[in-house]
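**Student:** Questions regarding the structure given below will be posed in turn.
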Amino acid sequence: MSSSVREDCLEAILALSGKDCRPVSEAEVGGAVEADTAEVMAALRTLVTGGDITREGEGYMLTPQGKKTAESVFRKHRVLECFLSEMLGMDTGAASKEACVLEHGVSDETIDRLSTYIQGPGRHRSMRRGSGHRPRHTLLDFAEGDTVEVTMIRCTGKNRRLMDLGVIPGEKIILQRKLGNNAVVVTVKGADIALSPEIASTIFAEKAA
């Protein structure tokens, strides 16, 4: 029985217990966790022994220790799901399933950095380099001829297309022309691409060194 099953059980109890913190039955936990019944039952017994949950009548409740762990796992899941769907353009359902796999091995530091990346364009770069706050600019803010490095993209549902074009965080692109309708033409990996002002305004960048 892996630790991921135990964490999934804690996360399931946290979600199912609701605001009233009601006891959650074995059947409910089993229905929420993708593992066979024997693994779930073994995980619940281990969690009781370890002091993470207590048996209350026909169900289980989180102890303060178990709640802390469950909330940590839940946060990892939400941050990863948000990053995969919003930043990388994955389908929400697929992103949730992938997050379920990744949440058990990712460190708290990585989650903190991903959360910062999602919430503040460019802040992750300044934190990593220790250079303080950097201004936030979209492609619309730069001049023709500027070479910039993409720091973040906020374009839910369209990120997959941008990724296919090579417009991804860390990529250097050249702003070739600014058109009369505020659209821009950029060069990415040697190819010229026209971006509408709506899309260009969701692409954050900084002057390339």
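Here our numbering is used: position 13 in the sequence shown is 14, and no number is missing along the way. Beta carbons are placed, not taken as given, at the ideal position from N, Cα and C, and that holds for glycine.
1. Just to confirm the assignment, what range does the alpha helix (DSSP H) spanning E99 have?
2. For the alpha helix (DSSP H) containing T47, name the first residue and the last one.
3. Would A206 pass as an interface residue toward chain C - the criterion being a Cβ-Cβ separation below 8 Å?
4. Taking the alpha-carbon positions, what's the A44 to V6 distance?
5. Rounded to whole angstroms, what is the Cα-Cα separation between I174 and G191?
6. Roughly how far, in whole angstroms, is the beta-carbon of F84 from the beta-carbon of L115, given that I think they are within contact range, below 8 Å?
7. Taking C-beta to C-beta, are K179 and E150 nearer than 8 Å?
8. On a Cα-Cα basis, can you pick out the residue from C22, R46, T47 and S18 that is closest to A33?
9. Tell me which same chain residues have a C-beta within less than 6 Å of the C-beta of G67, skipping the five on either side of it?
10. Terminal residues of the continuous alpha helix (DSSP H) containing T70?
11. Got a sec, what are the start and stop residues for the alpha helix (DSSP H) A13 sits in?
12. On the premise that H105 lies in contact with E8, defined as a C-beta separation below 8 Å, what is that separation, rounded to the nearest angstrom?
13. Run the CB neighbour count on E82, radius 10 Å, all protein chains shown included, and call it buried at 16 or more, exposed below.
14. Kindly identify the DSSP beta-bridge partner or partners of V189.
15. Quick check on the burial criterion: 16 or more other C-beta atoms within 10 angstroms. Buried or exposed for P170?
16. Sorted by chain position, which residues of the same chain lie with C-beta nearer than 8 Å to A16's C-beta, five sequence neighbours on each side aside?
17. By Cβ distance, which residues of its chain are closer than 7 Å to A209, with the 5 residues on each side in sequence left out?
18. Round the Cβ separation of I154 and T111 to the nearest angstrom and send it over; I've been treating them as touching at under 8 Å.
19. Beta-carbon within less than 6 Å of P198's beta-carbon, same chain only, minus the 5 sequence neighbours each way: which residues are those?
20. When we look at the beta-carbon of D193 and count the other beta-carbons within 10 Å, is it buried (16 or more) or exposed?
21. Just list the residues that DSSP pairs F205 with in beta bridges.
**Tutor:** The relevant details are as follows:
1. Here residue 99 is taken as the residue at index 98 of the sequence shown, counted from 1. Unbroken alpha helix (DSSP H) run through E99: T93 to L103.
2. As a working mapping, residue 47 is identified with position 46 in the sequence shown. Run containing T47: T38 to T50, per the alpha helix (DSSP H) assignment.
3. Among the chains in the structure shown there is no chain C, since it carries only a single protein chain.
4. Your numbering for residue 44 matches position 43 in the sequence shown. Your numbering for residue 6 matches position 5 in the sequence shown. About 7 Å.
5. Start at 1 with the first residue of the sequence shown, and residue 174 comes out as number 173. Start at 1 with the first residue of the sequence shown, and residue 191 comes out as number 190. The straight-line gap from Cα to Cα measures roughly 9 Å.
6. For the purposes of this step, residue 84 is taken as the residue at position 83 of the sequence shown. For the purposes of this step, residue 115 is taken as the residue at position 114 of the sequence shown. Indeed they touch by this definition, with Cβ atoms about 5 Å apart.
7. Your numbering for residue 179 matches position 178 in the sequence shown. Your numbering for residue 150 matches position 149 in the sequence shown. Not in contact: K179 and E150 (Cβ atoms no closer than 8 Å).
8. Here residue 33 is taken as the residue at index 32 of the sequence shown, counted from 1. Ranking the options by Cα distance to A33, first place goes to S18.
9. For the purposes of this step, residue 67 is identified with residue 66 of the sequence shown, where counting begins at 1. Answer for G67: L11, D53 and I54, listed in chain order.
10. Counting from 1 along the sequence shown, the entry for residue 70 is found at position 69. Start and end: P65 to C83.
11. Position 12 of the sequence shown, counting from 1, holds the residue named residue 13. S4 to S18 is the span of the alpha helix (DSSP H), which, as asked, contains A13.
12. If you number the sequence shown from 1, residue 8 lands on position 7. If you number the sequence shown from 1, residue 105 lands on position 104. Rounded, the Cβ-Cβ distance is 6 Å, consistent with contact.
13. Here residue 82 is taken as the residue at index 81 of the sequence shown, counted from 1. Buried: at least 16 other Cβ atoms inside 10 Å.
14. Working through the sequence shown from its first residue, we reach residue 189 at position 188. The partner list for V189 (beta bridge, DSSP) reads A192.
15. Position 169 of the sequence shown holds residue 170. When all chains shown are included, P170 counts as buried.
16. Position 15 of the sequence shown, counted from the first residue, corresponds to residue 16. Cβ neighbours of A16 beyond the five flanking positions: A33 and F75.
17. Position 208 of the sequence shown, counted from the start, is the residue given in the question as residue 209. Cβ within range, chain order: T148, V149, E150 and K173.
18. In the sequence shown, the residue the question calls residue 154 occupies position 153. In the sequence shown, the residue the question calls residue 111 occupies position 110. Contact flag wrong, Cβ pair sits at about 19 Å.
19. On the sequence shown, position 197 is the one that residue 198 refers to. Cβ within range, chain order: N183 and A184.
20. Taking the first residue of the sequence shown as 1, we reach residue 193 at position 192. Flag for D193 reads exposed.
21. To locate residue 205, count along the sequence shown from 1; it is residue 204. F205 pairs with T139 and M153.
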